[in-house]
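Here the structure comes first, spelled out in structure tokens, and everything after it is commentary.
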Amino acid sequence: MWRKSALSFLALALTAASLAAQTPPSGGARDSALSQRLKARPGDSLGRLEVPEAAGRAQPVVTARDNSELIKALEHKIHCTCGCNLDVFTCRTTDFTCTTSPAMHQLVLARIDSGMTEAQVLDAFQKQYGEMIFMAPLKRGFNWAAYLMPFIGLGVGLGLVVGVVRRLARQSARVRATAAEAAEAAPVAGATPEEMEQLKGELERFEA
Amino acid sequence: MTELGNIALWIALLIALWGSAVAFMAGRTHRADLGRSAERSIFALWGLLVIASAALMHALLTHDFNIEYVAAYTSRNLPVFYTWSAFYAGQKGSLLLWALVVTTFGAIALLVNRGKYQELTPYVAGTICVIAAFFIATMVFASNPFERLGFTPPDGRGLNPQLQNPGMVIHPPMLYLGYTSISIPFAFAVAALVSGKLDTGWLHAIRRWTLLSWLFLSCGIVLGMWWAYVELGWGGYWAWDPVENASFLPWLTMTAFLHSVMIQEKRGMLKKWNIGLVVGSFLLSIFGTFLTRSGVISSVHSFAQSNVGYFFLFFLIFAALVGFGLLWYRWPMLQAEARLESMVSREAAFLFNNLILIVIAFAVLWGTLFPIISEAVRGTKVTVGPPFFNQVNIPLGLFLLLLTGIGPLIAWRRASTANLRRQFLVPTGAMVVTAAALAAIRMSDAWSIVAYALGAFVTATVVQEFVRGTGARHRLHGENWALAFFRLVGRNRRRYGGYVVHLGMVMLFAAFAGLAFKSDTEVTLKPGQSVDVRSPYGHVYHITHQGISQYEELNRFVTAASVDVQKDGKYFATMKSEKRQYLDSMGQPTAEPATEVAIRSDLREDLYIVFAGAVKGTEQAVYRITINPLVWWVWYGGLVLAFGGLITLWPTAQGPTPASRRRAEPAGYVAQVGA
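Heads up: the protein sequence lines correspond to chains A and P, in order. Taking our numbering, the leading residue of the first sequence gets 116, the next gets one more, and so forth. Taking our numbering, the leading residue of the second sequence gets 6, the next gets one more, and so forth.
Written out as structure tokens, the structure is:
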């Protein structure tokens with residue numbers, strides 16, 4: 116409500132400025148009533164903002180506990196429920212319009228204050244919101260599928276590739292051996308080993 | 006003009022359907038007149054979609070707010086630069102852009118290959134017409150950009166503030182270009198499968214398209230990272246969001262294809278696999294779009310939910326059935342012409358590289374879909390966020406980095422012990438020395454040590470290749486070193502461009518490893534108050550809050566918080582972070598205030614300051630201060646990657662390699678030799 120009324124005032128001021136200047140509404144109206152108001156009434160010694168609403172949601176004073184590594188680590192594990200896909204710490208320090216993550220932060224602080232350990236805090240969140248409150252699936256039960264499937268895929272893939280390569284390499288070795296025997300029995304038009312090497316080299320170059 | 010655009014879309018739909026039908030008939034009956042009609046359909050489609058696009062652009066620029074799309078994404082005071090980008094800011098416009106780009110690429114592909122690949126061309130035209138028909142049908146039946154409102158609002162809602170950023174003007178079109186250009190390799194793959202012309206001819210036709218598509222995707226992804234970093238204000242550039250993942254998936258499969266196609270060109274192997282990768286890449290590009298449009302997965306990027314998702318799901322299933330069905334049908338014709346001779350060969354290394362790329366793609370897809378799978382199997386929703394993706398993908402990524410170094414150094418067919426020793430002695434030495442040095446300076450993160458050691462390994466392999474190649478030319482041809490270097494690269498752009506890409510990847514990995522040392526601090530400061538923040542390199546930033554000012558600017562009202570920064574006791578910078586309240590021309594706010602981050606970047610670390618807001622309407626400000634090591638390396642790594650891609654893409658007089666050209670002929674020479 117407060118935001119609406121403040122912004123309505125802002126809107127009125129801008130419209131009035133536009134009308135005064137007798138220009139159609141357009142961007143870049145730098146000398147609006149709002150600007151004049153800012154010039155006319157500079158911030159007092161307390162440094163108050165003329166239009167606090169335009170600076171977003173009012174922020175609480177940061178305390179040392181907000182920067183505590185324990186709190187950060189905990190909040191990095193907890194999913195903000197505002198629908199943003201971020202963890203609580205990232206959301207509350209990024210999306211300053213979000214009211215959910217600051218509330219969840221307060222809940223984390225309150226639970227730590229009540230003497231809960233890190234694990235107990237996480238348990239309490241899980242009871243409250245279910246498993247989706249964690250940023251990654253818990254390593255238990257069906258969730259192991261999430262973690263293991265890529266590596267099972269890798270294992271199966273490696274097995275297949277190694278198996279196929281070995282089989283093909285064996286077949287290839289047999290073909291080469293047969294070809295060598297045939298070459299010994301009937302040398303290619305009397306080619307010397309040096310000439311064979313040269314031929315092989317030429318073939319390699321040809322295929323590159 | 007709007008009516009003209011709407012009519013153009015309807016006519017385009019009819020022509021796309023006509024083109025699809027006659028193209029496949031032309032392919033089957035070998036009737037030249039039908040083939041010509043199909044080709045002309047593509048050009049006509051392109052013309053009609055240009056008219057439709059011009060009509061939409063005209064509506065946007067003239068503020069025709071009776072058009073729902075114009076009212077939803079623009080306002081009178083939106084700068085022209087961003088009014089232009091509103092064309093693809095919403096679902097309807099982006100579908101039109103997609104259709105336009107597909108037909109543009111289709112027309113170019115037909116023009117470039119005129120007179121060549123005559124048995125493939127009708128099917129290529131037909132496939133492009135089918136894809137275009139799908140997009141146009143989706144527009145006219147479910148998401149028409151020319152839909153009118155029952156009234157004309159005096160002004161529009163304006164563009165989302167976060168989209169009013171230069172990065173956002175370039176990033177989405179780049180990704181669209183990447184996604185859509187995959188349609189051309191897909192069309193050639195379908196054409197090769199339908200016609201049975203499965204020699205390497207179709208590969209020659211798509212070589213540049215696959216590179217182009219990969220390049221666009223790479224640029225789109227890096228630009229998206231840059232936009233997220235400078236605009237969203239969360240201090241990172243990659244969040245493993247489902248839509249980010251959706252752009253990453255076809256990039257991975259295209260990267261795999263760019264490696265494995267070399268084996269098919271040189272040795273006539275992996276034919277089935279390569280067709281599978283092209284089909285898979287196309288399906289993943291559609292899947293990415295399905296994710297953003299359907300709302301099945303929550304994402305910050307999602308468009309408004311609509312029934313468009315069903316269209317995409319249907320098309321996805323249809324394309325998968327056609328693509329893989331044809332591959333199954335032609336399976337017996339796709340036998341390898343040569344055999345792998347050794348586990349220690351470049352072919353085997355590329356196979357492992359492909360395996361890792363596909364496993365990473367699978368891990369990303371699996372993680373993205375796991376919330377749905379979990380809900381279906383257990384009835385329990387879970388969140389799969391960055392901790393999961395990092396845990397799974399870091400080891401896989403490092404394995405890939407290792408193979409990036411190994412692959413180019415091993416000989417084709419079979420590497421001898423002497424070859425291995427000669428090639429790997431220096432790179433392995435560089436890797437060991439780097440790991441030892443980092444351990445000696447007590448770097449705390451083990452994964453980072455491994456990443457930097459492997460980075461040194463890959464860099465050494467690339468440098469060694471350039472030095473040896475240049476040295477060989479210098480000795481053999483008597484060229485000076487610079488000339489020898491440029492001729493070396495010019496004569497084999499694909500190979501050396503690829504090495505430059507590898508260097509870009511090393512830079513990116515180095516940057517990602519730097520994230521382990523990121524630090525965040527939140528502070529509240531009154532004007533004149535300071536805070537000291539220590540960086541991982543030991544520098545101390547002394548940050549003093551100067552005050553908050555408010556003023557109007559363009560289409561927004563700005564609240565700017567300024568800080569003076571000293572680094573190690575010396576003046577470093579004055580930085581300003583802002584809150585921007587965007588307003589429409591009536592002075593009404595268009596959204597919540599958006600944050601503009603203050604960033605000072607150098608080779609080693611970024612100082613990243615976000616003005617969170619003011620305390621009780623005073624000049625007492627809350628800041629989040631982040632020290633982000635090595636972020637510079639992401640942007641310049643991306644540039645190096647793109648530069649390497651351009652070298653590879655640059656046309657050569659020689660064209661495909663002799664071995665590859667031979668395989669394009671019906672009776673492959675190597676087919677006889679390799680057995």
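Virtual Cβ for every residue (Gly too), placed ideally from N, Cα, C.
- Distance from the CA atom of P/Asp607 to the CA atom of P/Asn170, rounded to whole angstroms, is 22 angstroms.
- In the three-state reduction of the DSSP assignment, P/Met580 falls in the strand class.
- One finds Phe257 in chain A with Cβ atoms closer than 7 angstroms to the Cβ of P/Arg383, taken in chain order.
- Taking C-beta atoms as the reference points, A/Asn258 and P/Gly390 fail to come closer than 8 angstroms.
- Taking P/Pro178 as the centre and dropping the five residues before and after it, the same chain places no C-beta closer than 6 angstroms to its C-beta.
- Interface criterion not met: the Cβ of P/Ala578 is under 8 angstroms from no Cβ in chain A.
- The Cβ of A/Glu296 sits no closer than 8 angstroms to any Cβ of chain P.
- P/Arg496 counts as exposed, since fewer than 16 other beta carbons sit within 10 angstroms of its beta carbon.
- Distance check between P/Phe140 and each of P/Ala112, P/Leu50 and P/Val129 places P/Leu50 closest, using alpha-carbon atoms only.
- Under the three-state reduction of DSSP output, A/Leu185 falls in the helix class.
- Of the candidates P/Arg498, P/Met6 and P/Ile399, the residue whose Cα lies closest to the Cα of P/Gly649 is P/Arg498.
- Between P/Met144 and P/Ala64, the C-beta gap is not smaller than 8 angstroms, which leaves the two residues out of contact.
- Each of P/Leu18, P/Gln167, P/Ala13 and P/Val639 was checked against the Cα of P/Tyr78, and the nearest Cα belongs to P/Gln167.
- With contact defined as three or more Cβ pairs closer than 8 angstroms, the segment 464-479 of chain P and the segment 431-441 of chain P are in contact.
- At a cut-off of 8 angstroms between beta carbons, A/Pro217 makes no contact with chain P.
- When rounded, the separation of the alpha-carbon atoms in A/Asp228 and P/Val283 is 56 angstroms.
- Collapsing the DSSP output to three states places P/Thr623 in a strand.
- Not flagged as an interface residue toward chain A: P/Lys581, since no C-beta distance is shorter than 8 angstroms.
- Per DSSP, the beta bridge partners of P/Ser606 are P/Asp611.
- It is roughly 29 angstroms from the alpha-carbon of P/Ile56 to the alpha-carbon of P/Leu216.
- When rounded, the separation of the alpha-carbon atoms in P/Pro656 and P/Val227 is 25 angstroms.
- Out of P/Thr385, P/Ser25 and P/Phe517, the CA that lies nearest to the CA of P/Pro376 is found in P/Thr385.
- P/Lys276 is positioned such that its CB atom lies closer than 8 angstroms to that of P/Leu203.
- Neighbours of A/His220 in chain P, taken as residues whose beta carbon is under 9 angstroms from its own, are absent, since the nearest beta carbon is some 11 angstroms off.
- Around the CB of P/Gln555, 16 or more other CB atoms lie within 10 Å, so the residue is classed as buried.
- Using beta-carbon distances, A/Asp238 does not count as an interface residue toward chain P, since no partner is under 8 angstroms.
- Only residues of its own chain outside the window of five on either side were considered, and among them Thr439, Leu443, Ala515 and Ala518 have a CB closer than 7 angstroms to the CB of P/Tyr457, listed in chain order.
- If you compare the alpha carbons of P/Asp69, P/Thr388 and P/Leu102 with that of A/Gln241, the shortest gap goes to P/Thr388.
- Secondary structure at P/Ser535: strand, using DSSP grouped into helix, strand and coil.
- Leaving aside the five residues that flank P/Asp450 on each side, the residues in its chain whose CB is nearer than 8 angstroms to its CB run, in chain order, Ala518, Ala521 and Phe522.
- DSSP places P/Phe139 outside any beta strand (DSSP E); the residue lies instead in the alpha helix (DSSP H), whose first and last residues are Thr126 to Ala147.
- Of the candidates P/Ile365, P/Leu530 and P/Val27, the residue whose Cα lies closest to the Cα of P/Ala130 is P/Val27.
- Taking 8 angstroms as the CB threshold, A/Ser287 lines the interface with chain P.
- Counting C-beta atoms within 10 angstroms of its own C-beta, P/Trp336 has fewer than 16 neighbours from the protein chains shown and is therefore classed as exposed.
- Residues of the segment 230-254 of chain A with a C-beta less than 9 angstroms from any C-beta of chain P: Gly245, Glu246, Met247, Ile248, Phe249, Met250, Ala251, Pro252 and Leu253, listed in chain order.
- Close to P/Ser567, with beta-carbon spacing below 7 angstroms, lies no residue of chain A; the smallest spacing is near 13 angstroms.
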